[in-house]
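Report on one structure; see the data block that follows.
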Amino acid sequence: MKDFSEIKEQVKSKIAEVKDGAQLSEFWQNYLGKTGVISGLMKEMKTVPPEEKPLFGKAVNDVRVWAQEMYQTKQAEIKARELERRYERETVDVTMPALKRAPGNLHPITLIKQEMIEVFAGMGFEIAEYPEIEDDDHNFTRLNVLKDHPSRDMQDTFWLTEDLLLRTHTSPGQIRTMDAERPPIKVLVPGKVFRSDSDATHSPMFMQMEGLVVDKGITLCDLQGMLDKFVQQMFGSGTKTRLRPSYFPFTEPSVEVDVSCFECGGKGCPLCKGTGWIEVLGGGVVNKKVLENCNIDPEVYSGLAFGIGVERITMLKYGISNMGLFFENNLDMLRQFK
Ligand code: DAH
Numbered sequence: 621m622k623d624f625s626e627i628k629e630q631v632k633s634k635i636a637e638v639k640d641g642a643q644l645s646e647f648w649q650n651y652l653g654k655t656g657v658i659s660g661l662m663k664e665m666k667t668v669p670p671e672e673k674p675l676f677g678k679a680v681n682d683v684r685v686w687a688q689e690m691y692q693t694k695q696a697e698i699k700a701r702e703l704e705r706r707y708e709r710e711t712v713d714v715t716m717p718a719l720k721r722a723p724g725n726l727h728p729i730t731l732i733k734q735e736m737i738e739v740f741a742g743m744g745f746e747i748a749e750y751p752e753i754e755d756d757d758h759n760f761t762r763l764n765v766l767k768d769h770p771s772r773d774m775q776d777t778f779w780l781t782e783d784l785l786l787r788t789h790t791s792p793g794q795i796r797t798m799d800a801e802r803p804p805i806k807v808l809v810p811g812k813v814f815r816s817d818s819d820a821t822h823s824p825m826f827m828q829m830e831g832l833v834v835d836k837g838i839t840l841c842d843l844q845g846m847l848d849k850f851v852q853q854m855f856g857s858g859t860k861t862r863l864r865p866s867y868f869p870f871t872e873p874s875v876e877v878d879v880s881c882f883e884c885g886g887k888g889c890p891l892c893k894g895t896g897w898i899e900v901l902g903g904g905v906v907n908k909k910v911l912e913n914c915n916i917d918p919e920v921y922s923g924l925a926f927g928i929g930v931e932r933i934t935m936l937k938y939g940i941s942n943m944g945l946f947f948e949n950n951l952d953m954l955r956q957f958k
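Anchor point for the sequence shown: position 216 equals 836 in my numbering, and the numbering is continuous, going up by one each time.
Written as structure tokens, this is what we have:
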């Protein structure tokens, strides 16, 4: 009876040489596969005398099982080694400094917008937002800016159709509020407005805040009192206001409002161009025609209105001289407002 010790020696030395998965499958093919050495042993069965066939068969099978065990042990070794290598490759050094991610910050316009809203909300104003696309009626006609009236030329309108336009101011918010609510009304309408105009102090898109108060016995004094409070909270408690007569079709009388220069305290400096005063907004007593256009009886009710440019307030507050800086997305500039 053959003891296959020669083959076993061969298997032992070959398996010892196996270093990776590819060599391992080569080993399988050479010894355990269909055409491998051990399968070849079975073919010798024909030459074995019949009474020895069972024993021979068992002996070959023992060799096969033994070789398979060698194979499996090696396979486990290789797997373990590969896993080890992978762990080494994917090791994370937790002591390495992390990538820095700079947290973002709010845009200066947003900061001032929020601050302004807070001040007016503190005086009891409701906040309302309305569409940026308006029609002629709301943006002009019902605000007493009649067709062919020269005051339409004060605002360089982006027309979309014969009737639709990008709102040139937040004043149509007055009409929309009075259509939806009855007095007493106290509303603040922040929002984007659009005009075909662009230079250091004008941008084709900018932000305004419209204020409207309608009730019995509202006067210009209420406007000044309210605005005094507003500018004192925005620019400091010593800030004063000054009203100058002006003209807006939707207010009568109309005023332009200056604040005492918070930079020089009114002595005169480059910011106020030597005058001691800085213009910050327009306003007035709501024109009776506008109240009538909204079915509010001007004999019973009166109102005040004002419009503030948010960019202008922001430029004054932060000493920014070019409006373009707000829209260039220059991070060096924007990061200063953390
Ligand atoms: N809508 C005006 C503008 O954009 C600003 C304004 C002036 C609004 C007087 C008002 C107001 O409500 O009473 O130039």
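In this text, a Cβ means the ideal position worked out from N, Cα and C, and glycines have one as well.
As the structure is a prediction and not an experimental result, all values here were calculated from the model.
Three-state secondary structure (DSSP) of Gly927:
Within the sequence shown, the letter at position 307 stands for residue 927. Strand, per DSSP.
Q: Reducing DSSP to helix, strand and coil, say where Gln649 ends up.
A: Along the sequence shown, one-based indexing puts residue 649 at 29. Judged by DSSP in its simplified three-state form, Gln649 adopts helix.
Which residues in the same chain as Ser941 place their Cβ atom closer than 8 angstroms to its Cβ, once the five residues preceding and following it in sequence are excluded? In the sequence shown, residue 941 corresponds to position 321, counting from 1. Ala820, Met935.
* **Ordered list of alpha helix (DSSP H) runs contained in the region 835 to 921, each at least 4 residues** => Listed in chain order, they are 840 to 855, 908 to 913.
Three-state secondary structure assigned by DSSP to Glu637:
Along the sequence shown, read from residue 1 onward, the residue named residue 637 stands at position 17. Three-state DSSP puts Glu637 in a helix.
In terms of residues, what are the limits of the alpha helix (DSSP H) holding Leu763?
On the sequence shown, position 143 is the one that residue 763 refers to. The continuous stretches of alpha helix (DSSP H) do not include Leu763, and DSSP gives it neither H nor E.
Taking 7 angstroms as the cut-off, does the CB of Gly904 come closer than this to any heavy atom belonging to the ligand DAH? Counted from its first residue, the sequence shown places residue 904 at position 284. Relative to the ligand DAH, the nearest heavy atom lies less than 7 angstroms away from the CB of Gly904.
Need the endpoints of the alpha helix (DSSP H) that Pro674 sits in, please. Here residue 674 corresponds to residue number 54 of the sequence shown, with the count starting at 1. 673 to 709 is the extent of the alpha helix (DSSP H) around Pro674.
(Q) If contact is defined by three or more beta carbon pairs under 8 angstroms, each pair taking one atom from either stretch, is the region 836 to 848 in contact with the region 920 to 929? (A) Yes: the two stretches touch, three or more of their Cβ pairs being nearer than 8 angstroms.
Three-state secondary structure (DSSP) at Phe740? As a working mapping, residue 740 is identified with position 120 in the sequence shown. Three-state result, Phe740: helix.
Practice task
Give every residue of the same chain whose Cβ lies closer than 6 angstroms to the Cβ of Glu782, excluding the five residues on either side of it in the sequence, and list them in chain order.
Solution key: As a working note, residue 782 is residue 162 in the sequence shown. Nothing meets the Cβ criterion.
| message | Restricting to Cα atoms, I'd like to know which of Phe946, Glu749, Asn650 is closest to Met825. | response | What you label residue 825 is simply residue 205 of the sequence shown in a count that begins at 1. Checking every option, the nearest Cα to that of Met825 belongs to Phe946.
Looking at the strands, I want to know which residues DSSP matches up with His758. On the sequence shown, position 138 is the one that residue 758 refers to. In the DSSP output, where bridge partners are listed per residue, His758 has none listed.
In DSSP terms, what Tyr822 is bridged to: In the sequence shown, residue 822 corresponds to position 202, counting from 1. What sits at residue 822 in the sequence shown is His, not Tyr. DSSP output for His822 lists Asp819 as bridge partner(s).
* Asked: Taking the continuous beta strand (DSSP E) assigned at Lys806, which residues delimit it?
  -> Translated into the one-based positions of the sequence shown, residue 806 becomes position 186. First-last of the beta strand (DSSP E) with Lys806: 805 to 814.
> Buried or exposed: which applies to Gly903, given that a residue is buried once 16 or more other Cβ atoms fall within 10 Å of its Cβ?
Replying inline: By one-based count along the sequence shown, residue 903 stands at place 283. Gly903 is buried by the Cβ-count criterion.
Item to check | Glu754, buried or exposed, once every other Cβ within 10 Å from all chains shown has been counted against 16 | outcome: Within the sequence shown, numbered from 1, the residue matching residue 754 stands at position 134. Buried, since its Cβ has 16 or more Cβ neighbours within 10 Å.
Drop a sphere of 10 angstroms on the beta-carbon of Ile747, count the other beta-carbons inside from all chains shown, and report buried for 16 or more, exposed for fewer.
-> As a first step, residue 747 must be located in the sequence shown, where it is residue number 127. Exposed is the call here.
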